[in-house]
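Peer 1: Numbering (the working numbering), first residue to last: 1 to 172.
From the three backbone atoms N, C-alpha and C, an ideal C-beta is built for every residue, glycine too.
What follows is a single structure, and I will ask about it in a moment.
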Amino acid sequence: QYYPPRFATPNEAAAFEAECTKTVAQLLALCFPPAADSTRYHCSGRIVSVDSSMQWYYLGCALCSKAAIDYDGVDKWCDDHRRLVPQQTQNFYKLRVTVDDNTGSAAFVLLGRAADLLVGLTANDLSTRFPYQRNVLPQELLALEGRDFTFDVQLPKPEYGSRGPPEFTVLA
Numbered sequence: 001q002y003y004p005p006r007f008a009t010p011n012e013a014a015a016f017e018a019e020c021t022k023t024v025a026q027l028l029a030l031c032f033p034p035a036a037d038s039t040r041y042h043c044s045g046r047i048v049s050v051d052s053s054m055q056w057y058y059l060g061c062a063l064c065s066k067a068a069i070d071y072d073g074v075d076k077w078c079d080d081h082r083r084l085v086p087q088q089t090q091n092f093y094k095l096r097v098t099v100d101d102n103t104g105s106a107a108f109v110l111l112g113r114a115a116d117l118l119v120g121l122t123a124n125d126l127s128t129r130f131p132y133q134r135n136v137l138p139q140e141l142l143a144l145e146g147r148d149f150t151f152d153v154q155l156p157k158p159e160y161g162s163r164g165p166p167e168f169t170v171l172a
């Protein structure tokens with residue numbers, strides 16, 4: 001089956017890539033005023049810190065990685081699947097990191113499988129080494145600090161009454 005190329009020329013592809021590559025300062029500027037923008041942006045920067053004030057993993061549905069909600073003390077419920085997922089849960093990352101480039105710094109949120117790729121180990125595997133320690137960052141997560149990455153991010157969704165600096169969701 002033939003799939004037409006997305007761009008007619010290499011120059012069009014390069015122009016699109018340049019348009020989607022942003023600095024931290026440019027990403028922050030896109031958030032004010034808030035807009036419902038689903039474009040993926042590329043941003044290169046260094047992780048300067050991993051937030052230790054929040055739990056680093058959550059229990060999620062193994063099929064979609066969305067949070068699994070306690071239903072009756074035993075079974076878990078997945079809102080996306082609209083059903084109980086008793087045997088189909090596992091731990092997924094939820095990390096808030098501060099990313100810095102030469103233009104500024106911002107909070108990036110690493111969730112699920114996108115975080116697996118950066119850490120090199122699934123949250124399910126890492127959490128079995130450190131059971132009951134959701135609030136203590138393992139060395140494998142602290143090792144992200146000082147490392148440079150190129151992130152694919154999405155702008156935060158505009159929320160009524162939201163306060164504080166924006167957090168960018170890392171897609172890959």
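(1) For the alpha helix (DSSP H) that glycine 112 lies in, which residues bound it at each end?
(2) Can you tell me whether cysteine 43 is buried or exposed? The criterion is at least 16 other CB atoms within 10 Å of its CB, across all chains shown.
(3) What runs of the alpha helix (DSSP H), each 4 residues or longer, lie entirely inside the segment 83–153?
(4) For alanine 67, which of helix, strand or coil comes out of DSSP?
(5) If I measure Cβ to Cβ from threonine 21 and keep anything under 6 Å in the same chain, skipping five residues before and after, which residues do I get?
(6) Among residues of its own chain, excluding the 5 on either side of threonine 23, which ones have a beta-carbon nearer than 6 Å to its beta-carbon?
(7) Tell me whether phenylalanine 168 is buried or exposed, calling it buried when 16 or more other Cβ atoms sit within 10 Å of its Cβ.
(8) Do the CB positions of valine 153 and leucine 27 come within less than 8 Å of each other?
(9) Answer yes or no: do valine 50 and leucine 142 have a C-beta to C-beta separation smaller than 8 Å?
(10) Measuring only the C-alpha atoms, how far is threonine 122 from proline 158?
(11) Return the Cβ separation of tyrosine 176 and serine 127 in integer angstroms, given the expectation that the two are a contact with Cβ distance under 8 Å.
(12) Cutting at 6 Å between CB atoms, please list the residues of its own chain near cysteine 64, excluding the five before and the five after it.
(13) Cα-Cα, which of Ala29, Leu30, Arg40, Arg82 is closest to glutamate 17?
Peer 2: With the given structure in hand:
(1) Taking the first residue of the sequence shown as 1, we reach residue 112 at position 112. 112–119 is the extent of the alpha helix (DSSP H) around glycine 112.
(2) Here residue 43 corresponds to residue number 43 of the sequence shown, with the count starting at 1. Result: buried.
(3) Here the runs fully enclosed are 112–119, 123–129, 139–142.
(4) If you number the sequence shown from 1, residue 67 lands on position 67. When DSSP states are grouped into helix, strand and coil, alanine 67 belongs to the strand group.
(5) On the sequence shown, residue 21 is found 21 positions in, with the first residue counted as 1. Result list for threonine 21: His42, in chain order.
(6) Along the sequence shown, read from residue 1 onward, the residue named residue 23 stands at position 23. Counting only Cβ-Cβ distances below 6 Å, and skipping sequence neighbours, we find Asp101, Thr103.
(7) Looking up residue 168 in the sequence shown gives position 168. Buried, because 16 or more other Cβ atoms sit within 10 Å of the Cβ of phenylalanine 168.
(8) By 1-based counting over the sequence shown, the position of residue 153 is 153. By 1-based counting over the sequence shown, the position of residue 27 is 27. In this structure, leucine 27 lies closer than 8 Å to valine 153 by Cβ.
(9) Numbered from 1 along the sequence shown, position 50 holds the residue referred to as residue 50. Numbered from 1 along the sequence shown, position 142 holds the residue referred to as residue 142. Yes.
(10) As a position in the sequence shown, residue 122 is number 122, starting the count at 1. As a position in the sequence shown, residue 158 is number 158, starting the count at 1. Rounded to whole angstroms, the separation of the alpha carbons of proline 158 and threonine 122 is 30 Å.
(11) This structure does not reach residue 176, given that the chain is present from 1 up to 172, and the question cannot be answered.
(12) Taking the first residue of the sequence shown as position 1, residue 64 is located at position 64. Within its own chain, the residues whose Cβ lies closer than 6 Å to the Cβ of cysteine 64, once the five positions on either side in sequence are excluded, are Asp80, listed in chain order.
(13) On the sequence shown, residue 17 is found 17 positions in, with the first residue counted as 1. It is Arg40 whose Cα lies nearest to the Cα of glutamate 17.
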